[in-house]
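2 protein chains.
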Amino acid sequence: MMRQAPELNEREATILHAVVHSYITTAEPVGSRTVVKRFALDLSPATVRNTMADLEEQGYLQQVHTSSGRVPTDRGYRYYVDYLMRVQELTGAERERIEVEYAQRLNDADEVLKQTSHLLALITHQAGIAEAPSERAAVVKRLELMPVTRDRMAVLLVDNYGRVRSMMVQTERELDADHLPTLNQFLNDHLNGVAVDGLSAALNAKLRNFLDEQRRLAEEALQVLSLMPAQRSGQVFLEGATQLFEQPEFRDIERAREVFGLLEERDRLVDLLRSAAMESERTRGSVLIGAEFQGKGVEGISVVASPYHVDGQPVGAIGVLGPRRMPYPRLTAIVDYTASMVGRILTRLGG
Amino acid sequence: MMRQAPELNEREATILHAVVHSYITTAEPVGSRTVVKRFALDLSPATVRNTMADLEEQGYLQQVHTSSGRVPTDRGYRYYVDYLMRVQELTGAERERIEVEYAQRLNDADEVLKQTSHLLALITHQAGIAEAPSERAAVVKRLELMPVTRDRMAVLLVDNYGRVRSMMVQTERELDADHLPTLNQFLNDHLNGVAVDGLSAALNAKLRNFLDEQRRLAEEALQVLSLMPAQRSGQVFLEGATQLFEQPEFRDIERAREVFGLLEERDRLVDLLRSAAMESERTRGSVLIGAEFQGKGVEGISVVASPYHVDGQPVGAIGVLGPRRMPYPRLTAIVDYTASMVGRILTRLGG
DNA sequence: CGTTAGCACTCATTATAGTCGAGTGCTAAC
DNA sequence: GTTAGCACTCGACTATAATGAGTGCTAACG
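Right, dumping it as structure tokens:
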């Protein structure tokens, strides 16, 4: 039923599990009687009380006030997530739901991830977050210059995620329209497959091999590329934030305000999502709980996240954000499965 | 000091003005003594009480409970906005602040409007909303087909707002790469200046004039254009929503939830913004108050909005959303001025 | 010695009552 | 028409008590 659980003996583990589980579902502090009854333990409440006191002393549980029931601490949740909770398989219905959601035509990575944040919000009832692959790390599939006005030009770039990115460039001298197809041809011949933020470097490296006409083209191209604005990092999609109001922990206005403030600042949000996704290396489940966001200025929330991979490389992350009291078994399953879906779809897109 | 005020006699108007003004700044129900003192009226509280009772009977004021001070009703706010409030000139500092905010390089309409929502949120302390011009109504500046893979092609479109829109199109048969420049040339020769959602129609209309080679090109182009996905209507930018938590009317969780729910549904948001902006024809100030959003499922909020114009045509709207108790004189001034800025900038972009 | 029954104790929650004061409506006088 | 005076209303705040869920501790039990 549960993994090897260090530090705690079996009874302690059982009772911690019971408390966390009960609290997750009811949002009420858990008393000794409740534990015995709900989990049909063959123990008396008094015994459970003793164990609970031990768990409190070790920092896994906490009383909201003397003589109230117990509530998990961050540490308690962490232990639960790492060692106690049973991995929950997705039901057939859930799996199907996800498949259906991705069945429609999705043309590029941005659409896929927008859809993902929507899906996550919908089925988890938490805030769904999805970070698109960084534009910097993307690879050029196609590059094209397109004159717009006499002194402005659009640099158009299709990357391996199917996204088209356009940047306006102010050109110094007028462009020779007839000349452009040649230049475009040149660009595509030499820059296909290069990482977006390495375009200039790649061209520079090749420069010595070029002669005459080719060299002239390359220099011209370099000039344009140097004018390109810096690439943005991956866009973040967020959906379902309003659902957080349903959670009793956010009925307190100050709390709600803190969280919504966080959600509005996309930089901090990505930071959090990434931190959580990286947890998957260190601990199980890619879960970040409460105060584990050190110095990130938020407390009382958890993030369940998972990186998604394209060609074996992690290129972005998705996840959900909510109160610490979250149904982790279900959420980790959903997030992991969805992340693998996203990876698969993006890989297909890139081909 | 104030315009011709129908329906109400001078004293009533003065007192209504005083009550609304006071309530807007303090968020506290206004009593007769307060009115007399804060506005140095040459009347006794008792007289004011009588007039307030009259105003209540006529539906301009309201008591939150028997023997409490008065609070404006929707109707009261409406009268205040239409007839009583003094138009407030922007201070030099405010105006400069706005100019500075737009001084940086903004390459296309989307950036301009994103910046606008940010600016509005910042200086009004309400939620700032900005709707970009509809992509449908935009005019083609430049159109280009770009092969991506063997059977997929990007249709790239630069519009008169500097935006580049790209759409992936699945092509039936393989594209002849050498042939593409000719086709692109053809498209630009004939479709420049046409509205985006009228491309096919425009080409169809010209069809009979073409012969041979041209006709072949046109038919080819039509085929591609017919595959283009439908244009989206204008994107909405929203910023500063979190600031609404500061307002006492949104300290009630249920209220906050309602509003945030609304803000998350972009369709309803645009709808509201447009309704409010259109008010500028019917009433003064482009303000929509509380229950005036008939059947839109929101109460207790107001929107101050203003359309912006490009080439004399209204093509979008900007505004702010907050509680009904808003500093209308300042907000209408800011929103109007900002809207004219946006219009000016977009016009310049389009040239 | 681990487990449990019993019991005194704590503390959030709820209900009840009382006080205070801002503000009203009404009446009568100016 | 205006105003002073006054009884009245009602939310906000405070105090007090009752309730009950749940605890920690002690002593007895197997």
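First to last, the protein sequences are chains A and B. All the letters of the first sequence, read from the start, carry residue numbers 1 to 351 under the working numbering. All the letters of the second sequence, read from the start, carry residue numbers 1001 to 1351 under the working numbering. In this text, a Cβ means the ideal position worked out from N, Cα and C, and glycines have one as well.
To which residues of the same chain is residue i closer than 6 Å at the C-beta, ignoring the five residues directly before and after it?
i: Ala333/A; result: Gln88 and Leu90
i: Thr1237/B; result: Note on residue identity: the sequence assigns Phe, not Thr, to residue 1237/B. Once the five neighbours on either side are set aside, the close Cβ partners of Phe1237/B are Leu1113, Lys1114, Ser1117 and Ala1130.
i: Ala256/A; result: Phe250
i: Pro1314/B; result: Pro1307
i: Gln1062/B; result: Val1071 and Thr1073
i: Gly1366/B; result: With chain B running from 1001 to 1351 in the structure shown, residue 1366/B is simply not present.
i: Ser1166/B; result: Ala1154 and Leu1156
i: Ala1339/B; result: Ser1306, Tyr1308 and Ile1318
i: Asp1151/B; result: Thr1171
Strictly under 8 Å for the Cβ-Cβ distance: is residue i near chain A by that measure?
i: Phe1245/B; result: yes
i: Thr1124/B; result: no
i: Arg1232/B; result: no
i: Gly1162/B; result: yes
i: Glu1096/B; result: no
i: Ala1241/B; result: yes
i: Val1158/B; result: yes
i: Asn1107/B; result: yes
i: Arg1003/B; result: Note that Arg1003/B scores 49 on pLDDT, short of 50, meaning its location in the model is unreliable and no value can be drawn from it.
Let me see if you follow: with CB-CB separation under 8 Å, is residue i close to chain B or not?
i: Val112/A; result: no
i: Ile253/A; result: yes
i: Asp310/A; result: According to the sequence displayed, residue 310/A carries Val and not Asp. Not closer than 8 Å to any Cβ of chain B, the Cβ of Val310/A fails to qualify, so no.
i: Arg136/A; result: no
i: Lys141/A; result: yes
i: Pro181/A; result: yes
i: Glu249/A; result: no
i: Glu99/A; result: no
i: Ala154/A; result: yes
i: Met168/A; result: yes
i: Thr116/A; result: no
i: Val148/A; result: yes
i: Glu144/A; result: yes
i: Asn9/A; result: no
If you drop the 5 nearest sequence neighbours on each side, which residues of the same chain put their C-beta closer than 7 Å to that of residue i?
i: Leu1043/B; result: Val1036
i: Met1341/B; result: Ile1098 and Tyr1102
i: Asn188/A; result: Arg142 and Leu143
i: Val1030/B; result: Val1019, Ser1022, Tyr1023, Gly1069 and Arg1070
i: Arg1011/B; result: Thr1051
i: Arg1163/B; result: Asp1108, Ala1109 and Asp1110
i: Glu1220/B; result: Leu1183
i: Leu46/A; result: The residue you asked about is not Leu; residue 46/A is Ala in the sequence shown. Within the same chain, Ala46/A has no close Cβ partners at all.
CB-CB under 8 Å to residue i, same chain, minus the five flanking residues each way: which ones, in chain order?
i: Gly343/A; result: Tyr308, His309 and Val310
i: Tyr337/A; result: Leu90, Arg95 and Ile98
i: Val194/A; result: Val139, Val140 and Ala202
i: Leu346/A; result: Ala109, Val112, Pro133, Tyr161, Tyr308, Val310 and Val315
i: Gly1290/B; result: Asp1074, Tyr1077, Glu1299, Gly1300, Ile1301, Ser1302 and Arg1324
i: Arg38/A; result: Ala18 and Ser22
i: Lys296/A; result: Arg268, Asp271, Leu272 and Ser275
i: Glu56/A; result: Gln62, Gln63 and Arg70
Pairing CB atoms from the stretch 1201–1210 of chain B with CB atoms from the stretch 1094–1105 of chain B, are three or more of them under 8 Å? no
Check your understanding: Using a beta-carbon distance cut-off of less than 7 Å, what residues from the stretch 257–280 of chain A approach chain B?
Key -> Arg257, Phe260, Gly261 and Glu264
Taking 8 Å as the threshold, find out whether the stretch 1313–1329 of chain B comes into contact with the stretch 1244–1260 of chain B through three or more Cβ pairs. Taking a cut-off of 8 Å on C-beta distances, the stretch 1313–1329 of chain B touches the stretch 1244–1260 of chain B, as three or more cross pairs fall below it.
Practice item. Please confirm if the stretch 1023–1030 of chain B is in contact with the stretch 1057–1072 of chain B, defined as three or more CB-CB distances below 8 Å between the two stretches. Key: yes
For the stretch 1145–1161 of chain B against the stretch 138–156 of chain A, do three or more pairs of beta-carbon atoms, one drawn from each stretch, fall closer than 8 Å, so that the two count as touching?
yes
Can you list the alpha helix (DSSP H) stretches of 4 or more residues lying completely in the stretch 1217–1259 of chain B, in chain order? none
Checklist line | Residues of the stretch 217–232 of chain A whose Cβ lies closer than 8 Å to any Cβ of chain B, in chain order | finding: none
Does the contact criterion of 3 or more C-beta pairs under 8 Å hold for the stretch 1253–1270 of chain B versus the stretch 1164–1172 of chain B? Taking 8 Å as the limit for Cβ pairs, the verdict is that the stretch 1164–1172 of chain B does not touch the stretch 1253–1270 of chain B.
Every unbroken alpha helix (DSSP H) within the stretch 1156–1207 of chain B, with a cutoff of 4 residues, ordered by chain:
1180–1191 and 1199–1206
Exercise. Which runs of the alpha helix (DSSP H), 4 residues or longer, sit entirely within the stretch 1087–1161 of chain B?
Worked result: 1092–1103 and 1109–1124
| request: Entirely within the stretch 1009–1095 of chain B and at least 4 residues each: give me those alpha helix (DSSP H) ranges in chain order. | output: 1010–1026, 1032–1039, 1045–1057 and 1074–1079
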